[in-house]
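Have a look at the structure below before the remarks.
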Amino acid sequence: MTERQTSPTVLETADVVILGAGPAGLTLGNLLHAAGVDCVVLERADRTHVQTRARAGFLAANTVRVLDRHGLAEGLRRHGRPHGVCEFRTEDGSFRLDYGALGRREQHTVYPQQDLVTDLLTHYLDAGGRIAFETEAQSVQEAAGPRPTVTVRDAEGRPGRWSARYAAGCDGRHGAARRSLPAGTRRYHRDHGVSWLGLLAEAPPSMDAVGYAMHPAGFAGHMARTADITRYYLQYERGTPADAWPEERIRAELDLRMRTAEHGPLHHGRIVQRTVIDLESDVIEPLRHGSLLLAGDAASLPAPAAAKGANLAVLEAELLAEALIEDLAHGDSRALDRYSARCLAHIWRAQDFAHWMIQFLHSPAGPDGESFFHESMRRSRVESLRTSRTHQDWFAENYVGI
Ligand code: APR
Numbered sequence: 020m021t022e023r024q025t026s027p028t029v030l031e032t033a034d035v036v037i038l039g040a041g042p043a044g045l046t047l048g049n050l051l052h053a054a055g056v057d058c059v060v061l062e063r064a065d066r067t068h069v070q071t072r073a074r075a076g077f078l079a080a081n082t083v084r085v086l087d088r089h090g091l092a093e094g095l096r097r098h099g100r101p102h103g104v105c106e107f108r109t110e111d112g113s114f115r116l117d118y119g120a121l122g123r124r125e126q127h128t129v130y131p132q133q134d135l136v137t138d139l140l141t142h143y144l145d146a147g148g149r150i151a152f153e154t155e156a157q158s159v160q161e162a163a164g165p166r167p168t169v170t171v172r173d174a175e176g177r178p179g180r181w182s183a184r185y186a187a188g189c190d191g192r193h194g195a196a197r198r199s200l201p202a203g204t205r206r207y208h209r210d211h212g213v214s215w216l217g218l219l220a221e222a223p224p225s226m227d228a229v230g231y232a233m234h235p236a237g238f239a240g241h242m243a244r245t246a247d248i249t250r251y252y253l254q255y256e257r258g259t260p261a262d263a264w265p266e267e268r269i270r271a272e273l274d275l276r277m278r279t280a281e282h283g284p285l286h287h288g289r290i291v292q293r294t295v296i297d298l299e300s301d302v303i304e305p306l307r308h309g310s311l312l313l314a315g316d317a318a319s320l321p322a323p324a325a326a327k328g329a330n331l332a333v334l335e336a337e338l339l340a341e342a343l344i345e346d347l348a349h350g351d352s353r354a355l356d357r358y359s360a361r362c363l364a365h366i367w368r369a370q371d372f373a374h375w376m377i378q379f380l381h382s383p384a385g386p387d388g389e390s391f392f393h394e395s396m397r398r399s400r401v402e403s404l405r406t407s408r409t410h411q412d413w414f415a416e417n418y419v420g421i
């Protein structure tokens, strides 16, 4: 593996400067480099952090197809595990949904994101791709013009500049690309009013399904990550620090909400990561501003209730790579002109489903009549999903689909 790093203190150039080495940035970098486009990835973290950061892990069928198409799926084909069942544990009983046999009959592939990112990075470097680690983009200047300039600072704080034909903002919702958007860019934001305590436990999965528990005490979730790591979620009072609950209380809440008295014990294990997640969504419109284009979380943040983030990132990276290649290699900018609208169609579909999931999994707070009305509708939706094949097909198509 030839690791090539560049640390600019003077003006450097590339046809495409990619901000961020996450699923979006590294998929884009691989596809552009493979097509002979001169690109560079600028990543503020060091390589170890990029390769070990635990994030999502549920890859949609389309994501696997995209990665397969470009020879980037070897690791997930070898180590990923198919997953196609949800188990809902509710006040009105529990039921399992074999979503892999419903809708388009597509399953998820469970594959830790840090492993996917490591695969993408290794493939990119082995192919001779350029990356600058510990290089934080500060801004994208003259984005509206034909050659934007990306200003950066390296690990020693030295300034640098990259001149490019295009800048691809793949640096997440708090990155430099979003900060460089022109005034008046539309940002649609929704705070769903719900927070989760996200946990990673050194414990094997307790069920062969994604577990969703709806309980008067609050929502709880169970997702396999690997054969010996489980991701748990607990609905959590907004503003409570991640370390507020002792492990005993966490275990008791999980057992209570997952109704272990009825369904059998959970594997707990040592908690190795705690994160408070305020469930929010946002979308930037449009995703193209002259020579600056957004993909992944920089473009939109779907609430984590439907595991859409990494899958949208890979889909958008492929659409953006195709459009940039058409323009740079063939002088045809039509795909670039359509890029924003094509991605936004997928983004809003994912946002709508994530919003539906949040309403479906969480009881509204408060005893007032409005909350009672919503709670009654929520329980009716649960019953509809339990009994209606049409509803189950709709759920499966949207749960796995992108
Ligand atoms: N300069 C350079 N790099 C930056 C900057 C910056 N100013 N700001 C952020 N980054 C880097 C981060 O260190 C990270 O490596 O950009 C990368 C963004 O990666 P992700 O947050 O993973 O975003 P994305 O590739 O869009 O993937 C989106 O994947 O992480 C999962 O589910 C999660 O929804 C998310 C999805």
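Numbering (my numbering), first residue to last: 20 to 421.
For every residue, glycine included, the Cβ atom is placed at its ideal position computed from N, Cα and C.
A quick note: this is a predicted structure, and the numbers were derived from the prediction, not measured.
| query | result |
| --- | --- |
| Beta strand (DSSP E) segments (min. 3 residues) lying fully within the segment 331-381 | none |
| Whole-angstrom distance between residue 190 and residue 406, CA atom to CA atom | 42 Å |
| Sequence-distant residues of its chain with Cβ nearer than 7 Å to residue 394 (five each side left out) | 382 and 383 |
| Check whether residue 183 and residue 301 have beta carbons under 8 Å apart | no |
| Reference residue 367; option with closest CA among 130, 207 and 309 | 207 |
| CA-to-CA distance, residue 396 to residue 374, given in whole angstroms | 15 Å |
| Whole-angstrom distance between residue 239 and residue 325, CA atom to CA atom | 14 Å |
| Whether residue 244 touches residue 219 by CB criterion (8 Å) | yes |
| Residue 272, DSSP secondary structure in three states | helix |
| Length of the line joining the Cα atoms of residue 27 and residue 65 | Low confidence applies to residue 27: its pLDDT is 47, below 50, so where it sits in the model is not reliable enough to give any reading. |
| Per-residue burial, residue 291 [other beta carbons within 10 Å of its own, 16 or more giving buried] | exposed |
| Residue 341 versus residue 311 - alpha carbon distance | 16 Å |
| Identity of the residue in 314, 371 and 320 nearest residue 448 by Cα | Not covered by the structure: residue 448. The range shown for the chain is 20 to 421. |
| First and last residue of the uninterrupted beta strand (DSSP E) at residue 411 | Careful: residue 411 lies outside any beta strand (DSSP E), inside the alpha helix (DSSP H) at 408-419. |
| Sequence ranges, alpha helix (DSSP H) only - wholly within the segment 128-216, length at least 4 | 132-145 and 195-198 |
| N-terminal and C-terminal residue of the alpha helix (DSSP H) that residue 68 is part of | 66-71 |
| Residue 128 burial status per 10 Å Cβ neighbour count (16 or more: buried) | buried |
| The beta strand (DSSP E) enclosing residue 59, as first and last residue numbers | 58-61 |
| Residue environment, residue 403, which counts as buried when at least 16 other CB atoms sit within 10 Å | exposed |
| Helix, strand or coil at residue 242 [DSSP, three-state] | strand |
| DSSP three-state assignment for residue 259, whether helix, strand or coil | coil |
| The alpha helix (DSSP H) enclosing residue 96, as first and last residue numbers | 93-98 |
| Residues that residue 30 bridges to, as DSSP identifies them | 180 |
| When 146, 211 and 270 are compared against residue 323, the one with the closest alpha-carbon | 211 |
| Cβ-based neighbour list, residue 253, same chain, cut-off 6 Å, excluding 5 preceding and 5 following | 216, 239 and 272 |
| Residues of its chain near residue 52, where Cβ-Cβ distance is below 7 Å and the 5 sequence neighbours each way are ignored | 58, 143, 146 and 148 |
| Residues near residue 81 in its chain [Cβ-Cβ closer than 6 Å; skip 5 each side] | 421 |
| Assigned secondary structure, residue 104 (DSSP; H/G/I helix, E/B strand, else coil) | coil |
| Delimiting residues of the alpha helix (DSSP H) encompassing residue 48 | 42-53 |
| Segment limits, alpha helix (DSSP H) that includes residue 125 | Per DSSP, residue 125 belongs to no alpha helix (DSSP H) and is neither H nor E. |
| Straight-line gap, residue 391 to residue 321 (C-alpha atoms, nearest Å) | 27 Å |
| Contact test: residue 69 Cβ vs the ligand APR heavy atom, cutoff 7 Å | yes |
| First through last residue of the alpha helix (DSSP H) which encompasses residue 88 | 80-88 |
| Reduced DSSP category for residue 75 - H, G, I as helix; E, B as strand; rest coil | coil |
| Residue 30 burial status per 10 Å Cβ neighbour count (16 or more: buried) | exposed |
| Per-residue DSSP class, three states only, for residue 232 | strand |
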